[in-house]
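Residue numbers (my numbering): 17 to 331.
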């Protein structure tokens, strides 16, 4: 049994990592300041003797040191991050959390001899893709502060791996969604807002003609990628796309939600923002070859699960 520390462990991906590690019999320490994380994502584990919760901010060097000294983790999964919309609103906080916080975590890993660190990057580093499916060697062409912090995070990980012997595996998440997420994710928040609006009979906003595409991957699948990498001794100091390799258009998402809810949407069409990414589609060959990763949750099943949670009053 290993001890695993998960930052952002009450969040959209981190909470699923915690679930999966506990199911495997490991001991889990969740670190979260509950800025994005939800108590509902962790409360089921609070009486589990193999589960610990530390409510701290990773931007504080002292707090991070305290948690590492107290729990002495063998593995770390760093998922804490300020999302794209909040990064635009609060740029200094984005730097503190996404860059300084990452430095604090990786520095603590180096000093405590952590066996491996997995962490979340983003497809935002690629910007508007020049080709699809997007492979890991696609040039970085980010245009957002959020994406800039992810590029900085990748550079930190790469340098610390070699200068301080901290083995890592990083994941460039495409359009992550689940019933556990908040509204800070720019692209998939549209997906969430539509479900709530259609259910309540309110008007939805469709940007452009609805031909824009997302590569929707369920948070539990993103979590599984982290767990696969964590305990694979052969794979280290690499970055992988996490997606499905399937493009789903906004029109298709809308039709799916309408069918699952049994309600027709009231749609208002507005001009699409020219700065928005028009297509998202990940090449998943590298992660499939290296880790045997294959997404298990279809968009239909993931959307159905979200709607079930909504109707049960869990969201």
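Think of the CB as a built atom: it goes at the ideal place given N, C-alpha and C, for glycine as much as any other residue. What you are looking at is a predicted structure, and each value in this text was computed from that prediction instead of being measured.
- Evaluate the contact criterion for the region 232 to 242 versus the region 28 to 35: three or more CB pairs, one atom per stretch, below 8 Å. The answer is yes - the region 28 to 35 touches the region 232 to 242, with three or more Cβ pairs under 8 Å.
- Looking at residue 183 and residue 132, is the spacing between their C-beta atoms short of 8 Å? In the chain shown, the residue the question calls residue 132 occupies position 116. In the chain shown, the residue the question calls residue 183 occupies position 167. Annotated as proximal: residue 132 and residue 183, with beta-carbon spacing under 8 Å.
- Of the listed residues 235, 83, 135 and 205, nearest to residue 127 (C-alpha basis): Within the chain shown, the letter at position 111 stands for residue 127. Comparing Cα positions, the closest option is 83.
- Query: Short check: CB of residue 140 to CB of residue 118, under 8 Å?
  - Reply: The residue labelled residue 140 in the question sits at position 124 within the chain shown. The residue labelled residue 118 in the question sits at position 102 within the chain shown. Going by C-beta atoms, residue 140 is not nearer than 8 Å to residue 118.
- Reduced DSSP category for residue 52 - H, G, I as helix; E, B as strand; rest coil: What you label residue 52 is simply residue 36 of the chain shown in a count that begins at 1. Coil at residue 52, not helix or strand.
- Message: Tell me the residue span of the beta strand (DSSP E) that contains residue 191.
- Response: Here residue 191 refers to the residue found at position 175 of the chain shown. Start and end: 191 to 193.
- Query: What's the gap between the Cα of residue 59 and the Cα of residue 197?
  - Reply: Walking along the chain shown from the start, residue 59 turns up at place 43. Walking along the chain shown from the start, residue 197 turns up at place 181. Answer to the nearest angstrom: the Cα atoms are 15 Å apart.
- Cβ separation of residue 95 and residue 163, assumed to be a contact under 8 Å, to the nearest whole Å: Position 79 of the chain shown, counting from 1, holds the residue named residue 95. Position 147 of the chain shown, counting from 1, holds the residue named residue 163. Actually they are not in contact, since the Cβ atoms of residue 95 and residue 163 sit about 17 Å apart, beyond 8 Å.
- Would you identify the three-state DSSP class for residue 327, choosing helix, strand or coil? On the chain shown, residue 327 is found 311 positions in, with the first residue counted as 1. Correct three-state label for residue 327: helix.
- Residue ranges of each alpha helix (DSSP H) within the region 247 to 290, 4 or longer: Counting only runs of 4+ residues, the alpha helix (DSSP H) found wholly inside the region 247 to 290 occupies 266 to 277, in chain order.
- Message: Closest to residue 71 by C-alpha separation, out of 37, 85 and 25, would be which residue?
- Response: If you number the chain shown from 1, residue 71 lands on position 55. Of the candidates 37, 85 and 25, the one whose C-alpha sits nearest the C-alpha of residue 71 is 25.
- Message: Rounded to whole angstroms, what is the Cα-Cα separation between residue 85 and residue 312?
- Response: By one-based count along the chain shown, residue 85 stands at place 69. By one-based count along the chain shown, residue 312 stands at place 296. Distance between the alpha carbons of residue 85 and residue 312: 37 Å.
- With a CB to CB cut of under 6 Å and the five nearest residues on each side skipped, what residues in its chain are close to residue 213? Taking the chain shown and counting its residues from 1, one reaches residue 213 at position 197. Excluding sequence neighbours, residue 213 sits near 220.
- Query: Below 8 Å, can you find three or more Cβ-Cβ pairs linking the region 143 to 151 to the region 97 to 114?
  - Reply: no
- Take residue 18 as the anchor and find which of 293, 292 and 92 has the nearest alpha-carbon. Here the question's residue 18 lines up with position 2 in the chain shown. If we check each option's Cα against that of residue 18, 92 comes out closest.
- Message: If distances are taken between C-alpha atoms only, which option among 247, 278 and 295 comes closest to residue 307?
- Response: As a position in the chain shown, residue 307 is number 291, starting the count at 1. Checked all of 247, 278 and 295; the closest Cα to residue 307 is 247.
- Can residue 115 and residue 74 be called in contact, C-beta distance under 8 Å? As a working note, residue 115 is residue 99 in the chain shown. As a working note, residue 74 is residue 58 in the chain shown. No, the pair does not count as a contact, with Cβ atoms beyond the cut-off.
- Please report how far the alpha carbon of residue 217 lies from the alpha carbon of residue 123, in whole angstroms. Locating residue 217 in the chain shown gives position 201, counting from the first residue. Locating residue 123 in the chain shown gives position 107, counting from the first residue. Computed Cα separation, rounded: 50 Å.
- Message: Is residue 122 close to the ligand ZN? I mean its beta-carbon at under 7 Å from any heavy atom of the ligand.
- Response: Within the structure as shown, the ligand ZN is missing, as the structure has no ligands at all.
- Is the beta carbon of residue 300 less than 8 Å from the beta carbon of residue 189? Counted from its first residue, the chain shown places residue 300 at position 284. Counted from its first residue, the chain shown places residue 189 at position 173. No, the pair does not count as a contact, with Cβ atoms beyond the cut-off.
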